[in-house]
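Residue numbers for the sequence shown, in my numbering: 54 to 459. We put the beta carbon where it would ideally sit given N, CA and C, even for glycine. Here is the structure we will look at, set down as structure tokens.
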Amino acid sequence: MAGANAGRWRAMLTVAVGLVGAVAAIWALWTLEAGRDGLVFEDLEIDGTPARLITPAAGGPAPVVVIAHGFAGAKELMEPFAVTLARAGYVTLSFDFEGHGGHPAPLPGRILGPGGAADRLIKQLGAMVAEARRLPGTTGEVALLGHSMATDLIAKAVRDGLEVDATVAVSLFSPDVTATSPRNMLIVVGGYERRLTEEALRVTALTAGEPAEEGVTYGSFAEGTARRAVFAEGVEHVGVLFDPAGLRAAAGWLDEAFGRDGAAGIAPDARGPAIATLFAGLMALGWALAARLPGREGGVTSGATSGPTSGAGARPRLLLMLAGGPMVLAPLLAVLAPSGFMPLILGDYLAIHFFCYGALTAAGLLWLSKRGLRLPARAWRGGRLALSGVLAGAAIIAIFAITLDR
């Protein structure tokens, strides 16, 4: 009787967690989609480069902000800045560098030198700025906003003659920044990025001609020498892309550079909590669906085991081998495998690593099955196993594919 009551309570808990997870995920999706209200999203292809144009649904001609992501990033990762600036009345043009996001072209393995990755990406950046100046319904003015790797590309492109009216450098690092270049530059750095906060103050001091302070504007917007460093407290290299203080600072800086006031009173993009709630809800829903899989409590048995079991009835040492073996062997095998077939540097290694990890885990499961593990016939009644597997798999796909891409 006690066992039956415990089973009922577990079933009720599973259903409750699943329902809470579903409600949380639906609320988060609604919140994220509502953040697009008042904006027009258009996916483009510019000279083979996937790009996204965001335009305010109302308002007159406006400057264009070309937004460039960092290494291993994508235009989607920069959308908090794109949405915030579009709410402030700017047209934003985000794009994927070669070897990143949805761009089909590979990124060259060589970084520097003629024809290397840096030259290719700088050329791509220049093409986006040229396209921005041709966009209808704009003023012809262009600002650049870049994160991490893109800040160095922007500095090099401006050094080589690319003309822009203002710059926002997020997590800046570049040896090519001077006292007057890039033009009218705001530097936004996460408070946890200690070395980059020091670098931000150093390059700001180039303009100031004295030790610089965070939050103080030096130079002149009219002369194109304005510069300020802003630190987003409590965030790091990726978290800075979602920080409301940094988003507000970027919109306010561009307003000062272009003599506008669109940033006054706008709400910066605040998708961070919604994304966290979305993933938590989907994980809870996935757990509830996985809990319905046969064998969770006594459903999977081995020839030498009777009664309720856990871990498929296998001994802890075997389970440790099954879990730990692939962790040790997969990276060793990936290092020995051929590389150079994926667009992004390290992408081929990661693909081989995950393939080896999955193959080794599957081999371990097959090996365990040869030792007498079997699913009881009742697990297959009514297609329960197949249905549970499909539902659990759908939840995983929703978490790691459709939702993340959106």
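A distance below 6 Å between beta-carbons, with the five flanking residues on each side excluded, links Ala141 to the following residues of its chain, in chain order: Ala304, Gly315, Ala316 and Ile319. Secondary structure at Tyr271: strand, using DSSP grouped into helix, strand and coil. Ala285 and Thr108 have their C-alpha atoms roughly 27 Å apart. In the three-state reduction of the DSSP assignment, His290 falls in the coil class. In the same chain as Ala265, and ignoring 5 residues on each side of it, the C-beta atoms closer than 6 Å to its own belong to Leu254, Thr257 and Ala258, in chain order. Contact between the region 115 to 132 and the region 269 to 280 is absent: fewer than three C-beta pairs spanning the two stretches fall below 8 Å. At least 9 Å separates the beta-carbon of Glu246 from that of Ser273. With respect to the 9 Å criterion, Pro391 and His406 are not classified as neighbours on the basis of their beta carbons. Counting only runs of at least 3 residues, the region 54 to 113 fully encloses the following beta strand (DSSP E) elements, listed from N- to C-terminal order: 92 to 99 and 102 to 109. With contacts defined as CB atoms closer than 9 Å, Pro326 and Pro133 fail to qualify as a contacting pair. Taking 9 Å as the cut-off, the Cβ atoms of Ala69 and Val93 do not count as close. Below 8 Å, enough C-beta pairs join the region 329 to 346 and the region 437 to 453 to call them touching: three or more.
With a cut-off of 8 Å on Cβ pairs, the region 285 to 296 is in contact with the region 234 to 243, counting three or more such pairs. Taking each of Leu403, Met181 and Ala210 in turn and checking the Cα distance to Asp172, the smallest one comes out for Ala210. Per DSSP, the beta bridge partners of Ser147 are Arg105 and Ile120.
Within the same chain, Thr67, Val70 and Gly71 come within 6 Å of Ala341 by CB-CB distance, once the 5 residues on both sides are set aside.
Cβ atoms of Ile99 and Glu216 stay farther apart than 8 Å, at about 19 Å.
Spatial neighbours of Leu206 in its own chain (CB-CB distance under 8 Å, excluding positions within 5 residues in sequence) are listed in chain order as Ala121, Ala171, Leu174, Ile175, Leu178 and Gly199.
Excluding sequence positions up to five before and after Ala203, its CB lies within less than 7 Å of the CB of Ala121, His122 and Gly123, all in the same chain and listed in chain order. When the alpha-carbon of Ala344 is set against those of Phe311, Leu300 and Gly442, the nearest one is in Gly442. Residue burial annotation: Gly60 is exposed, with fewer than 16 other C-beta atoms found within 10 angstroms of its C-beta. With at least 16 other beta carbons inside 10 angstroms of its own, Asp149 counts as buried. Excluding five sequence positions before and after Leu197, the CB atoms of its chain that fall closer than 6 Å to its own CB belong to Val119, Ile207, Val217 and Thr220, given in chain order. Contact between Leu421 and Leu375 is confirmed by a C-beta separation of about 7 Å, below the 8 Å threshold. Note on Met65: under 16 other CB atoms within 10 angstroms of its CB, so exposed under the neighbour-count rule.
Within the model, the alpha-carbon separation for Thr145 versus Asp308 is close to 14 Å. Contact check for Leu85 against Arg301 fails: the beta carbons are separated by 9 Å or more. Exposure of Pro369 is indicated by the presence of fewer than 16 other C-beta atoms within 10 angstroms of its C-beta. From the listed residues Ala78, Ala115, Gly154 and Thr260, the smallest Cα separation to Ala127 is found for Gly154. About 7 Å separates the beta carbons of Thr330 and Trp80, which is inside the 8 Å limit, making them a contact pair. Burial state of Pro379 is buried, judged by a 10 Å Cβ sphere holding 16 or more other Cβ atoms.
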